Amino acid sequence: MQQPELLIDLLLDKISERDEVDLFFHHKIRFNWNTATGKLVLLFMVHPIHDAFKVDFGTALDRELNRLAKTISPLRLFRENIRQRGHTFTRYNDHTNPLFVFNACRSHGDLRQAVAEYFKQFPGQLSTYLGFEIDYQERAIRDTSSCHSTALLYMWHMEWSESESCWAVKPILEGELFRDASGKAVAGRLDVPFRWLVPLSERTNLPQKAQDATLSFDFADLTAIINQGEKEHREFDSSPPPDSPLQSRKQKALIKFLSMDNSDEDAVAVAVKYIAA
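So our numbering is basically just the index in the sequence shown, starting at one, shifted up by 805.
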């Protein structure tokens, strides 16, 4: 039986054999790959603003983790064990399941559905789900630079309820506006406890002064990320579909067979495919 880490390579190689499939996969899909279990989750990226936001927020998350590790030196070892896996979640060391998930959707309903699916799939393992509701107008309206997306924050955290003897998902933030319809940031910050990115079994090992350490994101910085996402969304709307690799690498040349007197009355045109160097 092949090792899980080899399976994803085989899949990507297989996808690359079909140019049109390869194009679709790399332009429309992101994937979360769990090396330990061999589980692959495909994420269909149909809204560039959401895709761009998640990529840039992931970068901001890493930057904030590094800042905390430098500021509070006892956190350094814990920070080294927190790694982003796939497109939208973090894992801790050799734990195979996600602890912290972040996602961007167009509506609260889409977020609630995703939240329910994740917490049901990882009961007692997934700690926190951070959701960004980023709305956008129809294409004819959003193409104008005066059109901006409103953005709200949601965050859910799972804890063990002693009174009910079950895992309880508690809403921490419910629709907190951080970017208004004019594209301006609302005053405020998003704070995420560092310990929520650490497994329950490891939290008792956190140093005392690190118990209250938080990852902090200014709403102005989150708004700047959306600004970039809106720009990419407009560019996506206005640009023609990318050429297929099949068209760019394989071209047709016509060879004309002439008659003996060099006339082309009965000439036959033959299409010949060749691969450009």
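Even glycine gets a Cβ: it sits at the ideal position worked out from N, Cα and C.
Here the structure is a predicted model, which means the values were calculated and not measured.
For residue 960, which residues of its own chain have a beta-carbon under 6 Å away from its beta-carbon, when the five flanking residues on both sides are left out? To locate residue 960, count along the sequence shown from 1; it is residue 155. In its chain, beyond the 5 residues on either side, 935, 977, 978 have a beta carbon closer than 6 Å to the beta carbon of residue 960.
Looking at the structure shown, is residue 823 part of a helix, part of a strand, or coil, going by DSSP? The residue labelled residue 823 in the question sits at position 18 within the sequence shown. For residue 823, the three-state secondary structure derived from DSSP is coil.
Among 926, 920, 869, which residue has its Cα nearest to the Cα of residue 997? One-based indexing of the sequence shown puts residue 997 at position 192. Residue 997 has its Cα closest to that of 869, out of 926, 920, 869.
Within this structure, are the beta carbons of residue 859 and residue 909 separated by less than 8 Å? For the purposes of this step, residue 859 is taken as residue 54 along the sequence shown, with counting starting at 1. For the purposes of this step, residue 909 is taken as residue 104 along the sequence shown, with counting starting at 1. Contact check for residue 859 against residue 909 passes: the beta carbons are separated by less than 8 Å.
Beta-bridge pairing of residue 995 - partner residues as DSSP gives them: On the sequence shown, position 190 is the one that residue 995 refers to. In DSSP, residue 995 forms a bridge with 1022.
Bridge partners of residue 962, per DSSP? Taking the first residue of the sequence shown as position 1, residue 962 is located at position 157. 933, 975.
Specify the secondary structure class of residue 938 as computed by DSSP and reduced to three states. Counting from 1 along the sequence shown, the entry for residue 938 is found at position 133. Three-state result, residue 938: strand.
Could you tell me the alpha carbon to alpha carbon distance between residue 1027 and residue 817, rounded to whole angstroms? The sequence position of residue 1027 within the sequence shown is 222, counting from 1. The sequence position of residue 817 within the sequence shown is 12, counting from 1. One alpha carbon belongs to residue 1027, the other to residue 817, and they sit about 33 Å apart.
Same chain, Cβ closer than 6 Å to residue 933, neighbours up to 5 away in sequence not counted: Residue numbering aside, residue 933 sits at position 128 when the sequence shown is read from its first letter. Within the same chain, residue 933 has close Cβ partners 905, 962, 1001.
So, helix, strand or coil for residue 1034, using DSSP? The residue labelled residue 1034 in the question sits at position 229 within the sequence shown. The DSSP-derived three-state label of residue 1034 is helix.
Shortest alpha-carbon distance to residue 864 belongs to which of 877, 879, 875, 888? By one-based count along the sequence shown, residue 864 stands at place 59. It is 888.
Less than 7 Å between C-beta atoms, sequence neighbours within five positions excluded: which residues of the same chain meet that for residue 895? Locating residue 895 in the sequence shown gives position 90, counting from the first residue. Same-chain partners within the cutoff: 887, 888, 889, 903, 904, 905, 1002.
In the DSSP output, what is residue 906 paired with across the bridge? Locating residue 906 in the sequence shown gives position 101, counting from the first residue. DSSP output for residue 906 lists 894, 934 as bridge partner(s).
Start and end residues, alpha helix (DSSP H) containing residue 885: What you label residue 885 is simply residue 80 of the sequence shown in a count that begins at 1. Run containing residue 885: 881-885, per the alpha helix (DSSP H) assignment.
Going by DSSP, what residues sit across from residue 869 in a beta bridge? Numbered from 1 along the sequence shown, position 64 holds the residue referred to as residue 869. None, per the DSSP bridge assignment.
At what residues does the alpha helix (DSSP H) containing residue 1005 begin and finish? Position 200 of the sequence shown, counting from 1, holds the residue named residue 1005. For residue 1005, the uninterrupted alpha helix (DSSP H) segment begins and ends at 1005-1008.
Taking buried to mean at least 16 other C-beta atoms within 10 Å of its own C-beta, is residue 876 buried or exposed? Along the sequence shown, read from residue 1 onward, the residue named residue 876 stands at position 71. By the neighbour-count definition (other C-beta atoms within 10 Å, threshold 16), residue 876 is an exposed residue.
Give me the Cβ distance between residue 981 and residue 958, rounded to the nearest whole Å; I'm assuming they're in contact under 8 Å. Residue numbering aside, residue 981 sits at position 176 when the sequence shown is read from its first letter. Residue numbering aside, residue 958 sits at position 153 when the sequence shown is read from its first letter. Going by Cβ atoms, the distance from residue 981 to residue 958 rounds to 4 Å, so yes, they are a contact pair.
DSSP three-state assignment for residue 845, whether helix, strand or coil: Within the sequence shown, the letter at position 40 stands for residue 845. DSSP places residue 845 in strand when its eight states are reduced to three.
What residue does the alpha helix (DSSP H) around residue 925 start on, and which one ends it? By 1-based counting over the sequence shown, the position of residue 925 is 120. Residue range 913-926 is occupied by the alpha helix (DSSP H) that includes residue 925.
Using alpha carbons as the reference points, say which of 893, 878, 990 lies closest to residue 866. Residue numbering aside, residue 866 sits at position 61 when the sequence shown is read from its first letter. Comparing Cα-Cα distances from residue 866 to each of 893, 878, 990, the minimum goes to 893.
When DSSP labels each residue in this structure, what does residue 956 get in the three-state scheme? Position 151 of the sequence shown, counted from the start, is the residue given in the question as residue 956. Residue 956: strand per DSSP, three-state reduction.
Please name the residue, chosen from 845, 1032, 919, that lies closest to residue 986 on a Cα-to-Cα basis. Stepping through the sequence shown from its first residue, residue 986 is reached at position 181. The residue with the shortest Cα to Cα distance from residue 986 is 1032.
If we count the other Cβ atoms within 10 Å of its Cβ and call it buried at 16 or more, is residue 1017 buried or exposed? Residue numbering aside, residue 1017 sits at position 212 when the sequence shown is read from its first letter. Exposed, by the Cβ-count rule.
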